[in-house]
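As structure tokens, the structure follows; a few thoughts come after it.
Right, here's the structure in full:
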């Protein structure tokens, strides 16, 4: 028992001596380790940076990449704040080129003749993602749009976006982060707008929809942004519930754009579209009558989603792209005078 106690005391003294040696600057000091870590991050050397840490983060590590790192920041100062043995900390201050600064406290644990950082990462939380993609600088990863996600990031300068696509652009302020900070993506105001490619793709999809609708030879065009509710009236005043040789002709395609709504995007006209309905009205014991009507195109009920860099139109007032509009009344899309 006496020998065991002596050995325990000796081991404790050795451990304390090693820690005092490290704290006093023996081996690689705590400040040296933090400096090496931050330097590796700035140089976008992910493997070297991770060598200074105890382990990977418990959070999603898919943004711990070189593409997620913006090196446009500097280390202003490093200061060892305490030497309470196994609770060594280093206060770090970093700065951006515009003069902004941010600070953080790195905790370190003894590791042989050196130290390792136990809290090296920033934790960023995205509450949701409109497009199923989140981005940190030039790195993008896919996520479930309906679920919150937490990611680990290296210290540095970040543009954090929960909206990221070649078809959609989102304004997101730069954030200078060190560590230990939880950033909630939902608290960031992201004003999303279509890129030039997005505008072109939306216009193409709307034009295709109109072409498909115009090819139909019927009054009621379910899911089409123009149509007849039940009947049309000829110049004679007679009402017709159907026309022979019915033809839809697009006189002017609408010029459209997309606007971010509460839970998606909606289509908005820059220039309204116009279609012409023509056909022959027939009634028993009456002469046939040529009927021609000018009808507006109503894109106001169209929404769209973007997933995997593809844009898909749907009737957003029904409930989303996967909902059926088969129960809508025929007057829902009616734009022709009756």
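Numbering (mature numbering (1 follows the signal peptide of the UniProt record, and there is no 0)), first residue to last: -23 to -1, 1 to 315.
For every residue, glycine included, the Cβ atom is placed at its ideal position computed from N, Cα and C.
Inset, instruction - Excluding the 5 residues preceding and the 5 following residue 79 in the sequence, name in chain order all residues of the same chain whose CB lies nearer than 7 Å to its CB. - result: Within the same chain, residue 79 has close Cβ partners 71, 153, 154 and 155.
Inset, instruction - For the beta strand (DSSP E) containing residue 250, list its first residue and its last residue. - result: Unbroken beta strand (DSSP E) run through residue 250: 250 to 258.
Inset, instruction - Can you tell me which of the three DSSP states residue 120 falls into? - result: DSSP places residue 120 outside both helix and strand once states are collapsed to three, so it counts as coil.
Inset, instruction - Please name the residue or residues paired with residue 272 in a DSSP beta bridge. - result: As a beta-bridge residue in DSSP terms, residue 272 pairs with 252.
Inset, instruction - Report all residues from its chain with a CB closer than 6 Å to the CB of residue 175; omit the five preceding and five following residues, and keep chain order. - result: Close CB contacts of residue 175 within its chain, under the 6 Å cut and outside five residues either way in sequence, are with 144 and 145 (chain order).
Legend entry - Per-residue DSSP class, three states only, for residue 6: Coil.
Inset, instruction - Along the alpha helix (DSSP H) that carries residue 174, what are the first and last residues, could you check? - result: Taken as a continuous stretch (DSSP letters only), the alpha helix (DSSP H) holding residue 174 covers 173 to 191.
Legend entry - Reference residue 214; option with closest CA among 124, 269 and 194: Relative to residue 214, the option among 124, 269 and 194 whose CA is nearest is 269.
Inset, instruction - Would you list the one or two residues that DSSP bridges to residue 126? - result: According to DSSP, which records beta bridges pairwise, residue 126 is partnered with 103.
Inset, instruction - Compare the beta carbon distance of residue 46 and residue 133 with 8 Å and say whether it is the shorter of the two. - result: Cβ atoms of residue 46 and residue 133: closer than 8 Å.
Inset, instruction - Identify, in the order they occur along the chain, each residue of the same chain with its Cβ nearer than 7 Å to the Cβ of residue 217, setting aside the five sequence neighbours on each side. - result: Closer than 7 Å at Cβ, skipping near neighbours: 208, 209, 211, 258 and 268.
Inset, instruction - Would you check if the distance between the CB atom of residue 330 and the CB atom of residue 287 is smaller than 8 Å? - result: With the chain running from -23 to 315 in the structure shown, residue 330 is simply not present.
Legend entry - Beta-carbon contacts of residue 187 that lie in its chain and below 6 Å, excluding the five residues immediately before and after: Excluding sequence neighbours, residue 187 sits near 227.
Inset, instruction - Taking 8 Å as the cut-off, decide whether the C-beta atoms of residue 57 and residue 18 are in contact. - result: For residue 57 and residue 18, no; Cβs fall outside 8 Å.
Legend entry - Start and end residues, alpha helix (DSSP H) containing residue 24: That run of the alpha helix (DSSP H) goes 23 to 27.
Inset, instruction - Label residue 265 either buried or exposed according to how many other C-beta atoms from any shown protein chain fall within 10 Å of its C-beta, with 16 as the threshold for buried. - result: The residue in question, residue 265, is exposed, as its Cβ has fewer than 16 Cβ neighbours within 10 Å.
Inset, instruction - Use the C-beta contact count for residue 172: other C-beta atoms within 10 angstroms, 16 or more gives buried, fewer gives exposed. - result: Flag for residue 172 reads exposed.
Inset, instruction - Measure from the alpha carbon of residue 74 to the alpha carbon of each residue in 92, 66, 48 and 137, then state which is nearest. - result: Measuring from the Cα of residue 74, the nearest candidate turns out to be 48.
Inset, instruction - Count the other CB atoms, across all protein chains shown, that sit within 10 Å of the CB of residue 195; report buried if there are 16 or more and exposed otherwise. - result: Classification of residue 195: exposed, given that the 10 Å Cβ count is below 16.
Legend entry - Helix, strand or coil at residue 311 according to DSSP, with G and I counted as helix: Coil.
Legend entry - Nearest-angstrom Cα separation, counted from residue 223 out to residue 110: Approximately 45 Å, taken between the alpha carbons.
Legend entry - Neighbourhood of residue 51 by C-beta distance below 7 Å, restricted to the same chain and skipping five residues each side: Apart from the 5 residues on each side of it in sequence, residue 51 sits with its Cβ closer than 7 Å to the Cβ of 71 and 72 in its chain, given in chain order.
Legend entry - Helix, strand or coil at residue 38 [DSSP, three-state]: Three-state result, residue 38: coil.
Legend entry - Status (buried if at least 16 other CB within 10 Å, exposed otherwise) for residue 248: Looking at its Cβ environment, which holds fewer than 16 other Cβ atoms inside 10 Å, residue 248 is exposed.
Inset, instruction - Using only the heavy atoms of the ligand MG, determine whether one of them is closer than 7 Å to the beta carbon of residue 21. - result: Summarising the ligand content, the structure contains no ligands, and the ligand MG is consequently not present.
Inset, instruction - Check whether the Cβ atoms of residue 245 and residue 233 sit closer than 8 Å, and answer yes or no. - result: For residue 245 and residue 233, yes; Cβs fall inside 8 Å.
Inset, instruction - Just mark residue 11 as buried or exposed, buried being the case when its beta carbon has 16 or more other beta carbons within 10 Å. - result: Burial call: buried.
Legend entry - Neighbourhood of residue 279 by C-beta distance below 6 Å, restricted to the same chain and skipping five residues each side: The residues are 244 and 290.
Inset, instruction - Would you kindly work out how many angstroms separate the C-alpha atoms of residue 198 and residue 263, rounded to a whole number? - result: Rounded to the nearest angstrom, the two C-alpha atoms are 28 Å apart.
Legend entry - DSSP bridge partner residues for residue 72 (one or two, in chain order): Bridge partners of residue 72: 51 and 78.
Inset, instruction - Pull up the CB-CB distance for residue 319 and residue 205, whole angstroms please, since I reckon it's below 8 Å. - result: Nothing can be reported for residue 319: it is not among the residues displayed for the chain, which extend from -23 to 315.
Legend entry - Assumed close pair residue 151, residue 135 - CB separation to whole angstroms, cut-off 8 Å: The beta carbons of residue 151 and residue 135 sit about 7 Å from each other, so the pair counts as a contact at 8 Å.
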